[in-house]
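Heads up, the thing below is written out as structure tokens.
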DNA sequence: ATCGTATGATATACACTGTATCACGTGTAC
DNA sequence: GTACACGTGATACAGTGTATATCATACGAT
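Residue numbers (the working numbering), protein chains in the order written: chain S, 7 to 193; chain X, 7 to 193.
In structure tokens, the structure reads:
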């Protein structure tokens, strides 16, 4: 069995939850490991039995989210309606808004967001065929789709999800996908 | 006379230069104040006679750049060719690539990049008149223009300025400005 | 019920921050 | 050019957070 000890899972769950809470309350940088362990009601030294430092904990927390998100968008091919794909994406953000806020606010502390963009760009490039004579290099076009989408999510979170996930999906299609595909991709 | 003491200007110049160098070498977070003062060959305590902390120094360094950039793009109105404005922008980035790299890599440690986006968005909104029936809210459209431009600059820096500033200006117009204006603005 | 192990509590070494102090040297003003 | 003002260098110090080590205890797996 690969199943972990209940105590381990409990400790890691409490630490992750505490990190998310404290980051949303006071910002990632100002949260200390002692803060996390106290909020989680876990011994200070115990933290280091699971993670080397604060970034490692955050990294693990966010990797789960990112894997889920990638898995969510993976099955869709270029022939699907971009608005539907977008709606799925924004629905996921809606259902995991706390963690997404942490992810987007803690950028910079490590190259995590950059890794997300790289992975996403690769995905976009795989799912599209480049146009013959395009003014815009496909690497730039793919990067633009991913980075703009993240910026759009950021805006949505900063404005407390004022529009529905469906509306955001449509905006995502009209503002980002359609114009970029028209310029650089055959489809 | 408002002119500062030569020693003050010298110290601040050395500290700023040291911060930029070290940040490009090892990343902003891992640079300590002691590192900066040693590289600048300045007494440790002297640092605090000018800045409260590391972020204050970075903030001052970047504010100069941002003011210059805003001043550069300010005179242009909506009737100018977006590609020309874009070329100017990318030329500025080219001529100040080191500081721009620091700005874009150190995001997160403070809300600086977010402030840039907010200021830029306000500017875009002032220079455009919203279309009557648009599917895309103008706040989102303006935010998209600014955030996408920053992402494009980021891509350019990460790929060692492989294209010319003129080419990037054209891409900026075709990929970002034209599609967004067509959707949300009368011009 | 027993063994293995995760945890709690505590102590410690270490690094960095931020402040205080004083002697020294440079810049400015006259 | 001289005198004074002031910025600087060097050092010491307290405070805070990190990371490791140790030992007794309590929990989980079998």
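Beta carbons: idealized from backbone N, C-alpha and C, even for Gly.
The alpha carbon of residue 160(S) has as its nearest neighbour, out of 43(X), 124(X) and 100(X), the alpha carbon of 124(X). Taken through DSSP and simplified to helix, strand or coil, residue 81(S) comes out as coil. Going by DSSP, residue 168(S) is part of no alpha helix (DSSP H) at all; its letter is neither H nor E.
By the neighbour-count definition (other C-beta atoms within 10 Å, threshold 16), residue 175(S) is a buried residue.
Here residue 21(S) really is in contact with residue 53(S); their C-beta atoms are around 7 Å apart, less than 8 Å. Residue 155(S) holds the alpha-carbon nearest to the alpha-carbon of residue 183(S) among 18(S), 162(S), 155(S) and 165(S).
DSSP places residue 191(S) in the strand class (E or B) of the three-state scheme. Annotated as proximal: residue 50(X) and residue 43(X), with beta-carbon spacing under 8 Å.
For residue 88(X), DSSP records no beta bridge to any residue. Note on residue 36(S): under 16 other CB atoms within 10 angstroms of its CB, so exposed under the neighbour-count rule.
Within the same chain, Cβ atoms closer than 7 Å to the Cβ of residue 30(X) are found at 104, 107 and 108, the five residues on either side in sequence being excluded. The shortest CA-to-CA distance from residue 166(X) to any of 146(X), 120(X), 100(X) and 138(X) is the one to 100(X). DSSP places residue 143(X) in the coil class of the three-state scheme, outside both helix and strand. Scanning chain S for C-beta atoms nearer than 8 Å to the C-beta of residue 154(X) yields 150, 153, 154 and 157, reported in chain order. Flagged as an interface residue toward chain S: residue 181(X), by a C-beta distance shorter than 8 Å.
177(S) is the residue among 120(S), 177(S), 45(S) and 190(S) whose C-alpha sits nearest the C-alpha of residue 143(X). Under a criterion of Cβ atoms nearer than 9 Å, the residues of chain X adjacent to residue 176(S) are, in order, 141 and 142. Against residue 186(S), the close residues of chain X are 181, in the order they occur along the chain (beta-carbon pairs closer than 7 Å). Annotated as proximal: residue 189(S) and residue 181(X), with beta-carbon spacing under 8 Å. Listed in chain order, the non-local C-beta contacts of residue 68(X) below 8 Å within the same chain comprise 105, 108, 109 and 118, local neighbours out to five positions each way being set aside. Around the beta-carbon of residue 185(S), 16 or more other beta-carbon atoms lie within 10 Å, marking it buried. Of the residues assessed, residue 179(X) falls on the buried side of the cut-off, its CB having 16 or more other CB atoms within 10 angstroms. Note that the C-beta distance between residue 127(X) and residue 191(X) is not below 8 Å. Residue 153(S) is not a Cβ neighbour of residue 130(S), given a cutoff of 8 Å.
Interface annotation, residue 146(X): in contact with chain S, CB-CB separation under 8 Å.
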